[in-house]
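Chemist: Got a structure here, written out as structure tokens. Questions coming.
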Amino acid sequence: MFTLAEIAETLGRPFEGDGTLRFVRAAEPGAAGAEDLALAMSPSYANALRSGRARGAILWEGADWRDFGLKGAVLVPRARLAMAAITSALDPGPEMAPGVHPTAIVEAGAQLGKDVSVGPYVIIGRHVRIGARARIAAQATVAEDAQIGDDALLMQGVRIGARVVIGDRFIAQPGAVIGGDGFSFVTPQESGVEKARRSLGDQGEVTTQSWTRIHSLGSVRIGDDVEVGANSTIDRGTVSDTSIGRGTKIDNLVMVGHNNRIGEDCLLCGQVGIAGGSTIGDRVVLGGKVGVNDNITIGNDVVAGGGTDIFTRVRDGEVIMGSPAVKMETNMAMYRALRRLPRALEQLAELRAKIKAGGGDGNV
Amino acid sequence: MFTLAEIAETLGRPFEGDGTLRFVRAAEPGAAGAEDLALAMSPSYANALRSGRARGAILWEGADWRDFGLKGAVLVPRARLAMAAITSALDPGPEMAPGVHPTAIVEAGAQLGKDVSVGPYVIIGRHVRIGARARIAAQATVAEDAQIGDDALLMQGVRIGARVVIGDRFIAQPGAVIGGDGFSFVTPQESGVEKARRSLGDQGEVTTQSWTRIHSLGSVRIGDDVEVGANSTIDRGTVSDTSIGRGTKIDNLVMVGHNNRIGEDCLLCGQVGIAGGSTIGDRVVLGGKVGVNDNITIGNDVVAGGGTDIFTRVRDGEVIMGSPAVKMETNMAMYRALRRLPRALEQLAELRAKIKAGGGDGNV
Amino acid sequence: MFTLAEIAETLGRPFEGDGTLRFVRAAEPGAAGAEDLALAMSPSYANALRSGRARGAILWEGADWRDFGLKGAVLVPRARLAMAAITSALDPGPEMAPGVHPTAIVEAGAQLGKDVSVGPYVIIGRHVRIGARARIAAQATVAEDAQIGDDALLMQGVRIGARVVIGDRFIAQPGAVIGGDGFSFVTPQESGVEKARRSLGDQGEVTTQSWTRIHSLGSVRIGDDVEVGANSTIDRGTVSDTSIGRGTKIDNLVMVGHNNRIGEDCLLCGQVGIAGGSTIGDRVVLGGKVGVNDNITIGNDVVAGGGTDIFTRVRDGEVIMGSPAVKMETNMAMYRALRRLPRALEQLAELRAKIKAGGGDGNV
Numbered sequence: 001m002f003t004l005a006e007i008a009e010t011l012g013r014p015f016e017g018d019g020t021l022r023f024v025r026a027a028e029p030g031a032a033g034a035e036d037l038a039l040a041m042s043p044s045y046a047n048a049l050r051s052g053r054a055r056g057a058i059l060w061e062g063a064d065w066r067d068f069g070l071k072g073a074v075l076v077p078r079a080r081l082a083m084a085a086i087t088s089a090l091d092p093g094p095e096m097a098p099g100v101h102p103t104a105i106v107e108a109g110a111q112l113g114k115d116v117s118v119g120p121y122v123i124i125g126r127h128v129r130i131g132a133r134a135r136i137a138a139q140a141t142v143a144e145d146a147q148i149g150d151d152a153l154l155m156q157g158v159r160i161g162a163r164v165v166i167g168d169r170f171i172a173q174p175g176a177v178i179g180g181d182g183f184s185f186v187t188p189q190e191s192g193v194e195k196a197r198r199s200l201g202d203q204g205e206v207t208t209q210s211w212t213r214i215h216s217l218g219s220v221r222i223g224d225d226v227e228v229g230a231n232s233t234i235d236r237g238t239v240s241d242t243s244i245g246r247g248t249k250i251d252n253l254v255m256v257g258h259n260n261r262i263g264e265d266c267l268l269c270g271q272v273g274i275a276g277g278s279t280i281g282d283r284v285v286l287g288g289k290v291g292v293n294d295n296i297t298i299g300n301d302v303v304a305g306g307g308t309d310i311f312t313r314v315r316d317g318e319v320i321m322g323s324p325a326v327k328m329e330t331n332m333a334m335y336r337a338l339r340r341l342p343r344a345l346e347q348l349a350e351l352r353a354k355i356k357a358g359g360g361d362g363n364v
Numbered sequence: 001m002f003t004l005a006e007i008a009e010t011l012g013r014p015f016e017g018d019g020t021l022r023f024v025r026a027a028e029p030g031a032a033g034a035e036d037l038a039l040a041m042s043p044s045y046a047n048a049l050r051s052g053r054a055r056g057a058i059l060w061e062g063a064d065w066r067d068f069g070l071k072g073a074v075l076v077p078r079a080r081l082a083m084a085a086i087t088s089a090l091d092p093g094p095e096m097a098p099g100v101h102p103t104a105i106v107e108a109g110a111q112l113g114k115d116v117s118v119g120p121y122v123i124i125g126r127h128v129r130i131g132a133r134a135r136i137a138a139q140a141t142v143a144e145d146a147q148i149g150d151d152a153l154l155m156q157g158v159r160i161g162a163r164v165v166i167g168d169r170f171i172a173q174p175g176a177v178i179g180g181d182g183f184s185f186v187t188p189q190e191s192g193v194e195k196a197r198r199s200l201g202d203q204g205e206v207t208t209q210s211w212t213r214i215h216s217l218g219s220v221r222i223g224d225d226v227e228v229g230a231n232s233t234i235d236r237g238t239v240s241d242t243s244i245g246r247g248t249k250i251d252n253l254v255m256v257g258h259n260n261r262i263g264e265d266c267l268l269c270g271q272v273g274i275a276g277g278s279t280i281g282d283r284v285v286l287g288g289k290v291g292v293n294d295n296i297t298i299g300n301d302v303v304a305g306g307g308t309d310i311f312t313r314v315r316d317g318e319v320i321m322g323s324p325a326v327k328m329e330t331n332m333a334m335y336r337a338l339r340r341l342p343r344a345l346e347q348l349a350e351l352r353a354k355i356k357a358g359g360g361d362g363n364v
Numbered sequence: 001m002f003t004l005a006e007i008a009e010t011l012g013r014p015f016e017g018d019g020t021l022r023f024v025r026a027a028e029p030g031a032a033g034a035e036d037l038a039l040a041m042s043p044s045y046a047n048a049l050r051s052g053r054a055r056g057a058i059l060w061e062g063a064d065w066r067d068f069g070l071k072g073a074v075l076v077p078r079a080r081l082a083m084a085a086i087t088s089a090l091d092p093g094p095e096m097a098p099g100v101h102p103t104a105i106v107e108a109g110a111q112l113g114k115d116v117s118v119g120p121y122v123i124i125g126r127h128v129r130i131g132a133r134a135r136i137a138a139q140a141t142v143a144e145d146a147q148i149g150d151d152a153l154l155m156q157g158v159r160i161g162a163r164v165v166i167g168d169r170f171i172a173q174p175g176a177v178i179g180g181d182g183f184s185f186v187t188p189q190e191s192g193v194e195k196a197r198r199s200l201g202d203q204g205e206v207t208t209q210s211w212t213r214i215h216s217l218g219s220v221r222i223g224d225d226v227e228v229g230a231n232s233t234i235d236r237g238t239v240s241d242t243s244i245g246r247g248t249k250i251d252n253l254v255m256v257g258h259n260n261r262i263g264e265d266c267l268l269c270g271q272v273g274i275a276g277g278s279t280i281g282d283r284v285v286l287g288g289k290v291g292v293n294d295n296i297t298i299g300n301d302v303v304a305g306g307g308t309d310i311f312t313r314v315r316d317g318e319v320i321m322g323s324p325a326v327k328m329e330t331n332m333a334m335y336r337a338l339r340r341l342p343r344a345l346e347q348l349a350e351l352r353a354k355i356k357a358g359g360g361d362g363n364v
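Chains as they are written, first to last, in full-length UniProt numbering: chain P, 1 to 364; chain V, 1 to 364; chain X, 1 to 364.
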């Protein structure tokens with residue numbers, strides 16, 4: 001239960017109308033009942049607001065709240081930013097009992113910070129260090145010598161591998177795996193794939209060889225304020241560590257291979273895959289399903305549209321798209337041209353026929 | 001052990017020949033021994049049948065079963081439909097002991113229906129409601145206030161988040177995560193990616209900003225008869241719920257982001273990714289690796305070929321393909337033209353040279 | 001702690017300089033301290049070596065180790081192969097206590113080989129057989145009647161399904177799922193997607209139908225020396241088994257659907273997806289995010305670049321790329337032509353205008 005005045009304070013904005021209005025939850029405009037705070041931060045939601053039964057709402061700056069039949073409102077200039085504040089204030093968070101559950105196994109030498117919550121069947125390995133106020137949900141595992149900072153939230157079944165080092169305020173959604181082994185194999189002689197990459201397509205003579213494993217001696221190093229989505233995987237490095245910079249957010253089913261160095265404040269959207277050994281700058285946004293080849297460099301502030309396949313170096317600030325990736329405007333020009341191509345080929349054939357027919361008199 | 005007559009009854013078809021033939025399992029025609037019921041529902045499998053030792057088989061309608069040296073057969077008009085009936089009849093299902101395993105933890109206020117089977121190290125949260133005959137395999141977790149209907153099957157390590165609501169006959173393969181948090185972040189000022197999306201490519205001046213989290217207050221709502229594949233993830237909504245309609249089947253490693261609304265009787269094949277906030281109609285089939293951008297609408301009865309990237313609205317009944325998605329016939333025409341393009345560019349160059357040479361006499 | 005002479009012996013190469021040099025770990029050249037063995041197997045790492053404090057290193061064949069200020073070195077002809085030997089020698093491996101942890105559940109009739117290590121909360125199903133020296137980490141589960149050979153390593157939360165059969169030296173990274181059900185559904189009448197595939201795009205009249213499940217009676221059969229990455233999934237077959245040949249290595253988040261038959265010594269890189277019923281030869285390398293359609297055949301020694309979508313048969317030894325896949329050289333020619341297309345369309349339009357203008361005098 002919260003009041004309009006309280007939510008206004010959370011948002012750092014004044015309330016308009018009746019600040020004593022009480023709500024039990026937030027709701028979309030059309031679904032909002034009398035006890036719901038309607039969230040309608042853009043005029044496109046306004047009509048839905050009229051059809052609902054909301055008495056109070058968060059609206060866009062300049063909205064005429066009385067016109068929607070409301071008793072009160074808070075007006076905000078930047079809708080999504082207001083959403084961050086509202087949802088943070090109203091999120092009950094996962095229910096976790098304080099303390100260490102009796103079925104949790106904490107191995108010798110592990111150190112847990114103040115006020116941690118460790119759920120049932122959790123396993124904390126030998127010499128692990130976990131900071132204050134960590135919340136570790138059921139069946140998560142943290143292997144030997146790993147370190148996690150303060151205020152961590154590990155959801156059910158998260159796997160933190162040996163010697164992984166993670167900063168403060170880390171969040172991992174269920175099933176995320178940090179610190180699996182890198183995927184790195186070699187054949188005794190040069191393999192077909194090595195030859196094909198070197199020659200851009202020619203494998204030469206094929207020999208029958210098996211793969212030998214290159215083990216991962218490195219680990220994973222993650223900065224503060226990082227979040228990793230459900231069932232995503234981040235592999236350990238071969239010699240040095242795979243690293244994820246402060247503030248970077250990783251969505252579900254993302255794969256970060258071994259030895260990658262990801263910068264700060266990046267967004268890696270769902271199903272992004274980064275092969276191995278690449279360097280990615282700060283504030284890079286990779287849309288859903290973006291693929292990044294191994295051993296390349298992506299600058300700062302790069303934005304890649306969904307489905308982009310990045311095979312080569314990308315410079316600071318570029319907005320890219322396509323497979324292989326090119327600048328977005330180049331991609332759109334190529335695509336528009338391709339749409340016109342079937343018709344253009346007909347025109348070309350007509351032209352050739354004409355020229356050929358006309359060519360008889362020697363002029364063309 | 002089952003007889004030919006019994007399997008005929010299962011299929012709702014008459015048997016031919018010896019209905020007392022006994023089998024212990026089904027097998028492919030070439031591998032079938034004397035105790036195996038051979039499955040050969042299309043003439044293309046007929047020769048393999050001759051080389052095997054099967055005495056009985058399921059064959060296509062009109063097949064001459066005696067000609068294959070069989071003692072009996074059941075003839076079926078629609079092979080895959082018969083497969084559904086046969087495999088359902090012969091599947092032993094996972095072994096699960098009745099009752100609640102002594103190591104399972106059932107929190108206060110949780111209600112389990114009749115005849116449930118709850119495996120070792122399972123955790124059922126506070127106030128969870130689970131219907132009759134549910135089978136919950138080892139180490140699955142169901143968080144507080146979640147509801148699951150009758151006849152559910154949750155395999156090992158499935159994660160059901162808080163407040164998720166699921167209908168009857170739900171099946172989740174190992175490692176599926178229902179109800180992780182949505183991936184939703186915002187910067188204090190407009191970010192480069194927002195500007196690039198608005199301008200189709202121009203980020204303007206880049207500023208250094210970090211991401212603030214938008215929490216997920218909504219949950220996930222799933223209809224009856226839904227199946228979710230291994231290690232797939234379905235995120236909760238921001239304010240309202242992410243929803244999956246009745247009868248929809250989801251393959252492995254699929255990501256359904258926050259606030260999506262998926263219709264009924266859809267098929268989402270392996271590694272499909274649906275970003276967030278999109279609406280997908282009924283009976284939509286998305287092939288493997290299809291990507292769907294955020295906040296778009298896909299109509300009913302849409303079919304998208306494998307690897308299609310959908311960035312814009314798709315109308316009812318369209319069959320689409322490519323990246324970006326276009327109608328399949330358009331995609332094929334574009335592709336055929338592209339195959340011819342290198343040669344066409346040579347022809348164009350020749351033509352230009354000719355015209356230029358011919359142009360000297362003033363005609364062209 | 002190890003000496004230069006010892007690592008030389010591991011590599012089967014002579015050491016140069018002081019064989020008694022002692023190291024505690026391996027390190028990259030620039031980061032190497034006095035107690036680290038620097039790994040710098042290519043001249044491109046040479047400068048970093050000068051700036052570090054390493055006293056000993058592994059270098060490329062022909063390197064002048066004294067010139068880098070080192071006291072000793074081992075020179076190797078093939079860098080990555082040397083990496084395999086060095087990392088194998090120095091990898092401590094995951095910490096696992098010998099024997100069966102008291103919280104592990106081993107069901108009746110299960111047989112564990114000599115010297116196994118079974119971690120906390122592991123579940124071994126009825127009649128499972130596991131070979132000698134297996135290491136099964138916390139919370140992994142092996143379902144009824146599964147068989148795993150000698151020297152297996154199952155990391156945390158791995159799921160092995162019922163009746164799965166696996167050879168020796170199997171490695172599964174955290175969260176891998178072997179033996180989930182296949183994704184196979186059928187409608188009573190022919191569905192829109194079946195019609196669209198048959199007609200290449202035309203669904204005909206759409207009817208409202210629901211999907212009936214085809215159960216998976218088959219299992220998964222895996223040869224010796226196979227590795228499966230974190231959160232990858234391999235589905236069981238419908239009637240016969242899905243199979244993975246000896247020596248094949250599978251990266252993270254890979255999906256192998258039902259009834260696929262994968263050959264020996266293949267590499268399936270991150271996020272590869274193989275739909276169902278396909279046959280893949282030996283020594284095939286599929287780059288990251290490669291998709292393989294259902295029911296196709298890929299020959300031996302095929303190499304597919306990252307992001308390739310394979311819809312049709314591929315012959316032995318082909319190096320392919322693109323969506324849909326074509327030979328790499330064809331793909332590059334098509335792509336180069338596409339880059340030139342926008343300009344070519346302008347040229348074509350100019351030419352047409354010229355011809356039209358010139359056409360007035362009847363010559364063309």
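Note that beta-carbon positions come from the ideal geometry of N, C-alpha and C, so glycine has one too.
Please read all numbers here as calculations on a predicted model, not as lab measurements.
1. Specify, as a first and last residue, the run of the alpha helix (DSSP H) that G157 (chain P) falls within.
2. What are the boundary residues of the alpha helix (DSSP H) that includes P32 (chain P)?
3. Can you tell me whether K114 (chain X) is buried or exposed, with buried defined as 16 or more other CB within 10 angstroms of its CB?
4. Determine the direct distance from the alpha carbon of D36 (chain P) to that of M255 (chain V), and round the result to whole angstroms.
5. Is the shortest distance between the beta-carbon of E346 (chain V) and the beta-carbons of chain P less than 7 Å?
6. Could you confirm whether any beta carbon from chain X is found closer than 7 Å to the beta carbon of A275 (chain P)?
7. Is Y121 (chain P) close to chain X? Criterion is C-beta to C-beta, closer than 7 Å.
8. State the Cα-Cα distance for the pair K354 (chain X) and M321 (chain P), rounded to the nearest angstrom.
9. In whole angstroms, what is the alpha-carbon distance linking V100 (chain P) and A63 (chain X)?
10. Secondary structure at W65 (chain X), three-state DSSP: helix, strand or coil?
11. Going by C-alpha to C-alpha distance, which of X:V24, X:P29 and X:G30 sits closest to A89 (chain X)?
12. State buried or exposed for S199 (chain X), treating a residue as buried only when at least 16 other CB atoms are found within 10 Å of its CB.
13. Using a beta-carbon distance below 7 Å, is E190 (chain P) in contact with chain V?
14. With DSSP as the reference, please indicate the residues paired to Q111 (chain P) in a beta bridge.
15. Can you pull the chain V neighbours of K71 (chain P), defined as C-beta to C-beta under 8 Å?
16. Find the nearest neighbour of D301 (chain V) within the set V:N295, V:P77, V:N293 and V:G317, judged by alpha-carbon distance.
17. So which residues of chain V does M328 (chain P) contact, with C-beta pairs closer than 8 Å?
18. Taking the straight line between their C-alpha atoms, what separation do you get for G299 (chain P) and P188 (chain P)?
19. Return the chain-ordered ranges of every beta strand (DSSP E) run that is complete within the segment 296–333 of chain V and spans a minimum of 3 residues.
20. Can you list the residues of chain V that D168 (chain P) reaches, using a CB-CB cut of under 7 Å?
21. Count the other C-beta atoms from every protein chain shown that fall within 10 angstroms of the C-beta of T208 (chain X), then say buried if there are 16 or more, exposed otherwise.
22. Could you have a look at M83 (chain V) and say whether DSSP puts it in helix, strand or coil?
23. May I ask you to report which of helix, strand or coil DSSP gives A353 (chain X)?
Modeler: Per the coordinate set shown:
1. For the purposes of this step, residue 157 (chain P) is taken as residue 157 along the first sequence, with counting starting at 1. Element bounds for G157 (chain P): n/a, residue is neither H nor E.
2. Taking the first residue of the first sequence as position 1, residue 32 (chain P) is located at position 32. Residue identity check: residue 32 (chain P) is Ala in the sequence provided, not Pro. Unbroken run through A32 (chain P): none, as it is neither H nor E.
3. Numbered from 1 along the third sequence, position 114 holds the residue referred to as residue 114 (chain X). By the 10 Å Cβ count, K114 (chain X) comes out exposed.
4. As a first step, residue 255 (chain V) must be located in the second sequence, where it is residue number 255. As a first step, residue 36 (chain P) must be located in the first sequence, where it is residue number 36. About 30 Å.
5. One-based indexing of the second sequence puts residue 346 (chain V) at position 346. No - not a single Cβ of chain P is within 7 Å of the one on E346 (chain V).
6. Position 275 of the first sequence, counting from 1, holds the residue named residue 275 (chain P). By this cut-off, A275 (chain P) is an interface position.
7. One-based indexing of the first sequence puts residue 121 (chain P) at position 121. By this cut-off, Y121 (chain P) is an interface position.
8. Reading the third sequence from its first residue, position 354 is the one you call residue 354 (chain X). Reading the first sequence from its first residue, position 321 is the one you call residue 321 (chain P). Their backbone Cα atoms lie some 35 Å apart in a straight line.
9. To locate residue 100 (chain P), count along the first sequence from 1; it is residue 100. To locate residue 63 (chain X), count along the third sequence from 1; it is residue 63. Cα to Cα, the separation comes out at about 56 Å.
10. The residue you call residue 65 (chain X) lines up with position 65 of the third sequence. Helix at W65 (chain X).
11. Locating residue 89 (chain X) in the third sequence gives position 89, counting from the first residue. Residue X:V24 is the option with its Cα nearest to A89 (chain X).
12. For the purposes of this step, residue 199 (chain X) is identified with residue 199 of the third sequence, where counting begins at 1. So S199 (chain X) ends up on the exposed side.
13. Along the first sequence, one-based indexing puts residue 190 (chain P) at 190. So, not an interface residue.
14. Looking up residue 111 (chain P) in the first sequence gives position 111. Its beta-bridge partners are P:R129.
15. By one-based count along the first sequence, residue 71 (chain P) stands at place 71. Ordered by position in chain V, no residue passes the 8 Å Cβ test against K71 (chain P), which lies about 20 Å from the chain.
16. The sequence position of residue 301 (chain V) within the second sequence is 301, counting from 1. Answer by Cα proximity: V:G317.
17. In the first sequence, counting from the first residue as 1, residue 328 (chain P) sits at position 328. By Cβ distance, chain V contributes A196, L200 and G201.
18. Within the first sequence, residue 299 (chain P) is the residue found at index 299, counting from 1. Within the first sequence, residue 188 (chain P) is the residue found at index 188, counting from 1. Answer to the nearest angstrom: the Cα atoms are 35 Å apart.
19. 319–321
20. The residue you call residue 168 (chain P) lines up with position 168 of the first sequence. Those within 7 Å of D168 (chain P) in chain V number zero; the least Cβ separation is about 14 Å.
21. Reading the third sequence from its first residue, position 208 is the one you call residue 208 (chain X). Burial call: exposed.
22. Numbered from its first residue, the second sequence carries residue 83 (chain V) at position 83. Correct three-state label for M83 (chain V): helix.
23. Sequence index remark: in the third sequence, residue 353 (chain X) carries index 353 (1-based). The answer is helix: DSSP assigns A353 (chain X) an H, G or I state.
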